[in-house]
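Residue numbers (our numbering): 6 to 156.
The structure appears right after this line, and notes come after that.
Given below as structure tokens:
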């Protein structure tokens, strides 16, 4: 017998606390290469907009997105193992400003088979950022039988 998680139940939680200076140091060494490795396409565009207006604001944006990816990878239980990859999980904003998770393939398909909605919250101060991710259970999780039949 297998217990199935009900829709809307928490399937995973992840949190990441990060010093902005750590990301700043990596960015100073690797620049655009680091940005493209970590951020998805829409995040890259937003990073450049913010960095051009205020480099420190751009670095904080990069740090919050890095922390959100770390928190997400913890919540789904993969860490940074395939199909999870930095650029496949983006934290974008609704018009209201509310952050939301957007996944790309093959992570998106893998995720949909296992989980329901993902919720992300991020915050930053001048020297520290924090991200919190909560993953809901899938509405119809796959059924895996553990009972063995004999003929």
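Backbone N, C-alpha and C define an ideal beta-carbon position, used for all residues, glycine too.
Contact set for residue i: own chain, Cβ-Cβ below 6 angstroms, skip 5 residues either direction
i, result
"residue 123", "106, 140"
"residue 80", "17, 18, 19, 138, 140"
"residue 74", "91, 94"
"residue 125", "73, 96, 104, 106, 138"
"residue 156", "With a pLDDT of only 42 at residue 156, under the threshold of 50, the placement of this residue in the model should not be trusted, and no figure is reported."
"residue 39", "31, 32"
"residue 21", "72, 75, 76, 136"
"residue 116", "108"
Three-state secondary structure (DSSP) of residue i
i, result
"residue 103", "coil"
"residue 54", "helix"
"residue 87", "coil"
"residue 135", "strand"
"residue 18", "strand"
"residue 143", "coil"
"residue 46", "helix"
C-alpha distance - residue i paired with residue j, whole-angstrom precision
i, j, result
"residue 77", "residue 62", "22 angstroms"
"residue 28", "residue 143", "34 angstroms"
"residue 50", "residue 14", "34 angstroms"
"residue 99", "residue 135", "19 angstroms"
"residue 42", "residue 127", "20 angstroms"
"residue 71", "residue 46", "14 angstroms"
"residue 23", "residue 34", "18 angstroms"
"residue 102", "residue 69", "14 angstroms"
"residue 60", "residue 44", "16 angstroms"
"residue 66", "residue 118", "30 angstroms"
"residue 89", "residue 58", "31 angstroms"
"residue 112", "residue 83", "11 angstroms"
"residue 130", "residue 36", "22 angstroms"
"residue 114", "residue 52", "26 angstroms"
"residue 86", "residue 48", "21 angstroms"
"residue 2", "residue 54", "Missing from the structure shown is residue 2; the chain here goes from 6 to 156 and no further."
Nonlocal neighbours in the same chain, by C-beta distance under 8 angstroms from residue i, ignoring five residues either side
i, result
"residue 64", "25, 28, 29, 32, 56"
"residue 120", "16, 17, 81, 140, 141, 142, 143"
Residues of its chain near residue i, where Cβ-Cβ distance is below 7 angstroms and the 5 sequence neighbours each way are ignored
i, result
"residue 1", "The question about residue 1 has no answer, for the chain in this structure spans 6 to 156."
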